[in-house]
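Everything on this sheet refers to the single structure shown next.
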């Protein structure tokens, strides 16, 4: 019950954090700032792994209370989203919040005008129910958001992460400790590289590079297990699997881990942002559960086949991004959302 409650809380918050950051951030920093949330998740997970190796699980749970208290207290000092205030008709609060976020003495007139114009255009569509998001005019943003989350999970991220130790043991290591420690070690610094590159290289290009890398990593791991099944180069198998997994994790951390959440926070109009974000998050977590649950069965069926499936999914991701995902770098949220209607 405790685990279920924890998972439910995380689910309820996961889609709100990137959306809120995207709504308050300047357009030239939006990608980097939104990616910071993924960086902090990586940092928190790595910290939990390290502390969990030292203390009991009960002590770890109690220690987790302190960050929750800090988060709760910090929420009282965070301004409301200017876009939400404008959509709610609170003009004075809207401008005050935007000025507070941009700083005293900064001219917000152009940005405020763009936000208000977008809100005015959405006035006739303010009462949107769940089934309304499947109207034709929302096909593209919903398709992009859902598609990215599906491909993120089909790349095998959670299956590989949850069963990393078993993967390395199957490859021939005496234990999975070295491999899992290396995985955790590279995640944070490479995610930091992704934060730096997000608003310099753009979402699309970084996403395609990331998916190409996850394709390569899972292909190397799949090839290594295939060679093992054929009884070939057995002394090289552990090293090949380790290289494949580290390549996968590195390239996943630089783009596929965070960018789907960044794009999700940018593409939905205000009137469907809550429902659209919830749907996309539901798809992500459902996919995570399915892949994580099925992973061990697939691994027992065929280790090489499992990684080749993930490799194919990553290859299809590159094609999907190239065909359907727009570049959102350097554009206001209003420009991005209006582009889906053009």
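Numbering (the UniProt record's numbering), first residue to last: 1 to 342. All residues carry an ideal CB built from backbone N, CA and C; glycine is no exception. Being a predicted model, the structure only gives us computed values, none of them experimental.
For the alpha helix (DSSP H) assignment, the uninterrupted runs of no fewer than 4 residues enclosed by the segment 58-129 are, from N- to C-terminal side, 65-74, 82-87, 91-102 and 109-121.
DSSP, reduced to helix, strand and coil, places residue 251 within a helical segment of the structure shown. DSSP places residue 155 outside both helix and strand once states are collapsed to three, so it counts as coil. Across the set 91, 322 and 32, the C-alpha of 322 shows the shortest separation from the C-alpha of residue 208.
Taking residue 181 as reference, the option from 27, 48 and 326 with the minimal CA-CA separation is 48. Closest by C-alpha distance to residue 267, out of 326, 245 and 187, is 326.
Minimum Cα-Cα distance from residue 38 among the listed residues 55, 64 and 187 corresponds to 187.
Inter-residue distance for residue 213 and residue 157 is about 13 Å (C-alpha atoms, whole angstroms). Separation of residue 201 and residue 191 (C-alpha to C-alpha, rounded to the nearest whole angstrom) is 15 Å. In summary, residue 279 is buried, with 16 or more beta-carbon neighbours lying within 10 Å of its beta-carbon over all protein chains present. For residue 223, the uninterrupted alpha helix (DSSP H) run begins and ends at 203-229, by DSSP. Contact check for residue 307 against residue 171 fails: the beta carbons are separated by 8 Å or more. Using a 10 angstroms sphere on the CB of residue 23, the tally of other CB atoms reaches 16 or more, which defines it as buried. Counting the other CB atoms within 10 Å of its CB gives residue 310 a total of 16 or more, which places it among the buried residues. Around the beta carbon of residue 286, fewer than 16 other beta carbons sit within 10 angstroms, so the residue counts as exposed.
Residue 36 and residue 111 have their C-alpha atoms some 24 Å from each other. Ranked by Cα distance from residue 291, the first of 161, 102, 69 and 139 is 161.
Residue 26 has its alpha-carbon roughly 10 Å from the corresponding atom of residue 32.
Taken through DSSP and simplified to helix, strand or coil, residue 319 comes out as helix. Note on residue 174: under 16 other CB atoms within 10 angstroms of its CB, so exposed under the neighbour-count rule. In this structure, residue 217 lies near residue 251, with their beta-carbon atoms less than 8 Å apart. Counting along the chain, residue 339 sits inside the alpha helix (DSSP H) bounded by residues 333-339. Beyond the five residues adjoining it in sequence on each side, residue 17 comes within less than 8 Å, by CB distance, of 37 in the same chain, given in chain order. Look at residue 268 here: in three-state DSSP terms it is coil, with no helix or strand label. Put simply, the backbone Cα of residue 86 is about 12 Å away from that of residue 121. In the structure shown, residue 165 adopts helical secondary structure according to DSSP, grouped into three states. With a threshold of 16 other beta carbon atoms within 10 Å, residue 185 falls short and is exposed. In the three-state reduction of the DSSP assignment, residue 187 falls in the helix class. Three or more pairs of CB atoms, one per stretch, sit closer than 8 Å, so the segment 143-159 contacts the segment 259-277.
Cβ atoms of residue 295 and residue 159 come within 8 Å of each other, at about 3 Å. Each of 166, 44 and 114 was checked against the Cα of residue 242, and the nearest Cα belongs to 166. In the three-state scheme derived from DSSP, where H, G and I count as helix and E and B as strand, residue 47 is classed as helix. In this structure, residue 333 keeps its C-beta atom at 8 Å or more from the C-beta atom of residue 199.
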